[in-house]
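In what follows, a structure is listed as structure tokens, so that the remarks can point back to it.
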Amino acid sequence: MEFFRISRTIPFMRHALALNMISLITFLAAVLFIIFRGFNLSIEFTGGTVIEISYADSAPLSEVRETVAGLGYTDFQVQNFGTSRDVLIRLPLAEGQTSAAQSEVLMAALTEANQGVELRRVEYVGPQIGRELVENGLLALLFVIIGIVIYLAVRFEWKFAVAGVVANMHDVVIILGFFAFFQWEFSLPVLAGVLAVLGYSVNESVVIMDRIRENFRRQRNVEVRDVIDGAITQTISRTIITHGSTQMMVLSMLIFGGPTLHYFSLALTIGIWFGIYSSVFVAASIAMWLGVKREDLVKPVKKDDTVEETYSEQS
Amino acid sequence: MNRYPLWKYLTVLVALVLGVLYTLPNFFGESPAVQVSSAKSTIKVEPEMLQRVQSLLQQADITTTGSSFGRNGPVGTIRFRFANTDIQIKARDLIERALNPNPQDPDYTVALNLLPASPQWLSAIGANPMYLGLDLRGGVHFLLQVDMEGALTARYDSIATDFRATLRDQRIPTSGIEREAMSVVLAFPDDGARSRALALLRSRSNDMTFQEGAGQGTLEGRPILTARMTDATIASVQSSALRQNITTLHNRINELGVAEPVIQQQGSDRIIVQLPGVQDVARAKEILGRTATLEIRLVDDSPTATSALAAGTVPFGLERYDDTDGRPLLLRRQVILTGENLQDAQAGRDQQTQQAAVHLTLDNKGARIFRDVTRDNIGRRMAILLFEKGIGQVVTAPVIRSEIPGGQVQISGSMSAEDAADIALLLRAGSLAAPMTIIEERTIGPSLGAENIEKGFQATLWGFVAVVAFMIVYYRLFGVFSSIGLTLNVLLLLGLLSLLQATLTLPGIAAIALTIGMAIDANVLINERIREELRRGESPQAAINIGFERAWGTILDSNLTTLIVGIALLIFGTGPVRGFAVVHCLGILTSMFSAVVGVRAMVNLTHGGRKRLKDLSIGTVWKPKD
């Protein structure tokens, strides 16, 4: 089987400008959503209590709401979680009240209202933890960006490093934009997913950059644009197969993984698709705009030992 | 050109065998067990206990399927496995009766438990199942914040007391010694007194810094000394406070009889407590959440104080607290000792009268202070106060009959054996060096845990099946190699996780799934590259060689960048993120090995020897028509 019967180099860079404008607009839209809609942060970040309960039959949501309201809470959420029998209750951080008191009082009231209720999970996060998580998340992001820039700059060249990181940030910001727009819950596993996408997307750009460098070595007197087009064309089958495989795995998590892994897999799905797009159109074209040249990548001192130096496969 | 030296094949083989061996224990499930640990800090469980319980079981004709001794921090534990839960419960009852003749005051905690059912020879080579996180097995997780400021304040209070005693002993006059924020301020009537005090205190406490100055406010015009702990001392106070709290938690949790508690320090001022399998959260929290601290102070029973108490006023320098029966008492503000100085409290009996009593053991410093205070205050009452969440309560307030040197203190009087046990427990529990608060809590029911395992397993399995099916259809024989490589990768990853005894959580399972999805990248890179070389007209052998060589550079680059992300998550991540990161990082390493070395070994073994290899089973290699 062979999906990709590509007989000539696809001119990916021909529409680079238009596609980059689209990227820019998507990126800016994502930034605006993040700024104006904000995130639906999970209690891991905001602090508070989450209580998951399960009923023998379908859960009486309005009854649960009444019970919670009866305890004097005003700012709370009651919703189904996964199945119609499971209910998730979110309580805000109450000053001077411990988690123990909160969950016990609530469970006592719920049991009184309905005997068939089972406590599945309680999560309580104090206010200081959330602040640290945000700080650590940002630090991790910074560490990743610096690490990748240094690695790419040493291994390739600074123009590629910049291009790779811009492409990455593009992906991450767009994932975050989705979470802001749809108000999906942003939890710790989602953060892990977003950061994993960072690595995954760089990985993608690296494969293409590797090919660009190789083609620069191999082909002389060829336009930079054509070299990039050739590199992307040669790797496009691998790009799509790899991402397809990863997507199969992520899809499996989305289907079978249950509510805990739902948003994690969703973040990865968006990351995978935008990862393909950004490494093909964003990373490569930024490197092109930055004026990457043959001399940047092929060091004249290092004698190239590949035998096919004069080989050209351009049709 | 496509041949490996023997050692490379052997390396792959050894990796495979180790992978299988260390993954194996995860498939045996768990068998019912009984565990015995000490219920008192004075009683130790040593390996000798093993034989004693063994012979007990033999006499009763109960067969065990295995036994072990283990240590968790200072606490020794012995465990016995049984074939089924009926025998388990029978054995528990037998051991309980034999070891704890007095059920009111048990020496040992005998608890039901589940232990991995993997055969002994696997445990012998260190192959144990992965440790399942609470989200997979159910239980309670707490993150406790130790109030270090509280620990330091308490320390400064006791330093102030120390200074008072020292200066009084040496008859150096003072105009007041008080703790002010994070320092002790000593005021003197004149410069001479100050310089004598300075010389004396400097020689005695070299862990303090002293600063001379002029008093302000009420001490206007008086020469003063400001004493502060050095940074090194502060650090050691904090670390010892943390250690003491961890020990105290160990003791308290032992009373709960939890099978495998995790009590660990996190950062400089936090403690993680995980109690797998515990469902009675309320009780666990009650025992842990007792953020009690202990203070010993003198009771003021003077006629003026008594009349003030009757009138409902509190004279200056005194504070009002209630005892356990709700009767009010007036206590001096000055703290004589804190829980820090109390090493142990046990219920027992008076040697002579056989009355119920509580025996206290104080540390050296505590013993010295206690001797001085008891000598000077014979006939007065001394109260032991327990602070829980900022509210103090008098546990007991006995009369001082004589000077008590040596730090061995006995409290006796009109109390029952039960009272004595209660007081001892409260005092032991109260000997936290610094108050703690729960800042994070997670409770996961057992049904949810089982469901999470099931979901994670399903997700990984079906994703794996889909990827393998695609690879085989698309790349034929090379797809089969890739799939075997992927399986090797999963085995190595699971084996490594089991060997490191890493904690597997649901995000960890997600990371395994994601690693499989991403590991295939290396195989796709190689296979596509080989196809490309074939398309270009290389011979099959050359195509294999160039394909692997060329793909290697790319695989290395892309995996290293992914590894940078993994390490960042490992450094900055907490909880679920860290669980994800550990698996992610290990997965990158195992996938590089299995895809590059493992798959190459298979290809070399099957193709390397064939000189006249005409074509490769790597799916259709379509060539463009020129």
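First to last, the sequence lines map onto chains A and B. Position in the first sequence (first residue = 1) + 1232 = the working numbering. Residue 245 in the working numbering is what sits at position 249 of the second sequence, and the numbering runs on without skipping anything. Beta carbons: idealized from backbone N, C-alpha and C, even for Gly.
How big is the Cα-Cα spacing for residue i and residue j?
| i | j | result |
| --- | --- | --- |
| residue 399(B) | residue 368(B) | 8 Å |
| residue 1318(A) | residue 1293(A) | 10 Å |
| residue 1449(A) | residue 560(B) | 28 Å |
| residue 16(B) | residue 448(B) | 24 Å |
| residue 500(B) | residue 128(B) | 5 Å |
| residue 505(B) | residue 111(B) | 22 Å |
| residue 53(B) | residue 11(B) | 41 Å |
| residue 389(B) | residue 294(B) | 14 Å |
| residue 51(B) | residue 1357(A) | 48 Å |
| residue 1298(A) | residue 1346(A) | 12 Å |
| residue 5(B) | residue 592(B) | 13 Å |
| residue 1249(A) | residue 541(B) | 39 Å |
| residue 104(B) | residue 423(B) | 20 Å |
| residue 1361(A) | residue 1464(A) | 44 Å |
| residue 1325(A) | residue 1261(A) | 32 Å |
| residue 496(B) | residue 1369(A) | 26 Å |
| residue 182(B) | residue 245(B) | 36 Å |
| residue 1438(A) | residue 1295(A) | 55 Å |
| residue 1444(A) | residue 259(B) | 52 Å |
| residue 180(B) | residue 325(B) | 28 Å |
| residue 536(B) | residue 602(B) | 13 Å |
| residue 1440(A) | residue 1516(A) | 8 Å |
| residue 304(B) | residue 174(B) | 25 Å |
Closer than 7 Å by beta-carbon distance: list the chain A residues that pair up with residue i, in chain order.
| i | result |
| --- | --- |
| residue 40(B) | By Cβ distance, chain A contributes nothing, its closest Cβ being about 32 Å from residue 40(B), past 7 Å. |
| residue 454(B) | 1488 |
| residue 618(B) | 1234, 1237 |
Quick one, are the C-beta atoms of residue i and residue j less than 8 Å apart?
| i | j | result |
| --- | --- | --- |
| residue 375(B) | residue 394(B) | no |
| residue 0(B) | residue 462(B) | no |
| residue 1436(A) | residue 1508(A) | yes |
| residue 1489(A) | residue 455(B) | yes |
| residue 1432(A) | residue 550(B) | no |
| residue 257(B) | residue 268(B) | no |
| residue 327(B) | residue 296(B) | yes |
| residue 568(B) | residue 1372(A) | yes |
| residue 131(B) | residue 609(B) | no |
| residue 63(B) | residue 46(B) | yes |
| residue 1425(A) | residue 1365(A) | no |
| residue 341(B) | residue 420(B) | yes |
Identify the contact partners of residue i in chain B, using a Cβ-Cβ distance below 9 Å as the criterion.
| i | result |
| --- | --- |
| residue 1379(A) | 557, 560, 561, 563, 564 |
| residue 1421(A) | 502, 503, 506, 572, 573, 576 |
| residue 1350(A) | 441, 443 |
Residue i bridges to which residues according to DSSP?
| i | result |
| --- | --- |
| residue 1431(A) | Note: residue 1431(A) sits in no beta bridge, so no partner. |
| residue 135(B) | 272(B), 440(B) |
| residue 1401(A) | In the DSSP output, where bridge partners are listed per residue, residue 1401(A) has none listed. |
| residue 357(B) | 340(B), 404(B) |
| residue 597(B) | Residue 597(B) is not bridged to any residue. |
| residue 185(B) | DSSP lists no partner for residue 185(B). |
| residue 29(B) | 77(B), 109(B) |
| residue 419(B) | Paired residue(s): none; residue 419(B) is not in a bridge. |
Who are the neighbours of residue i on chain B, taking C-beta pairs under 8 Å?
| i | result |
| --- | --- |
| residue 1508(A) | Under the 8 Å cutoff, chain B gives no residues; its nearest Cβ is about 13 Å from residue 1508(A). |
Using the beta-carbon of each residue, which ones in chain A are nearer than 8 Å to residue i?
| i | result |
| --- | --- |
| residue 521(B) | 1439, 1470, 1474 |
| residue 458(B) | 1484, 1487, 1488 |
Report the neighbours of residue i on chain A: residues whose CB is nearer than 9 Å to its CB, in chain order.
| i | result |
| --- | --- |
| residue 462(B) | 1477, 1480, 1481, 1483, 1484 |
I want to check one thing, is the minimum distance from the CB of residue i to the heavy atoms of the ligand SAM below 7 Å?
| i | result |
| --- | --- |
| residue 462(B) | Only the bare structure without any ligand can be found here, which leaves the ligand SAM out of the picture. |
Inter-stretch contact at 8 Å, needing at least 3 Cβ pairs: the segment 517 to 534 of chain B / the segment 1460 to 1478 of chain A:
yes
Quick one: any contact between the segment 482 to 496 of chain B and the segment 1391 to 1406 of chain A, if contact means 3 or more CB pairs under 8 Å?
no
Could you tell me whether the segment 153 to 169 of chain B touches the segment 471 to 481 of chain B, using the rule of 3 or more Cβ pairs below 8 Å?
no
Mind listing which residues of the segment 346 to 373 of chain B have their C-beta closer than 8 Å to chain C's C-betas, in chain order?
Among the chains of the structure shown, chain C does not appear; the protein chains present are A and B.
Give a yes or no on contact between the segment 1515 to 1531 of chain A and the segment 1450 to 1466 of chain A, applying the rule of three or more CB pairs nearer than 8 Å.
yes
Is it a yes or a no for the segment 1385 to 1401 of chain A touching the segment 1347 to 1366 of chain A, going by three-plus beta-carbon pairs under 8 Å?
no
Quick test of the definition: if touching needs 3 or more C-beta pairs under 8 Å, does the segment 134 to 151 of chain B touch the segment 113 to 124 of chain B?
no
May I ask you to verify whether the segment 345 to 352 of chain B touches the segment 314 to 322 of chain B, counting CB pairs closer than 8 Å and requiring at least 3?
no
Check whether the segment 1508 to 1522 of chain A and the segment 1270 to 1290 of chain A touch, using three or more Cβ-Cβ pairs below 8 Å as the test.
no
Assess, as a yes-or-no matter, whether the segment 150 to 168 of chain B is touched by the segment 192 to 206 of chain B under the definition of 3 or more beta carbon pairs within less than 8 Å.
yes
Contact the segment 429 to 446 of chain B vs the segment 1473 to 1480 of chain A: 3+ CB pairs below 8 Å
no
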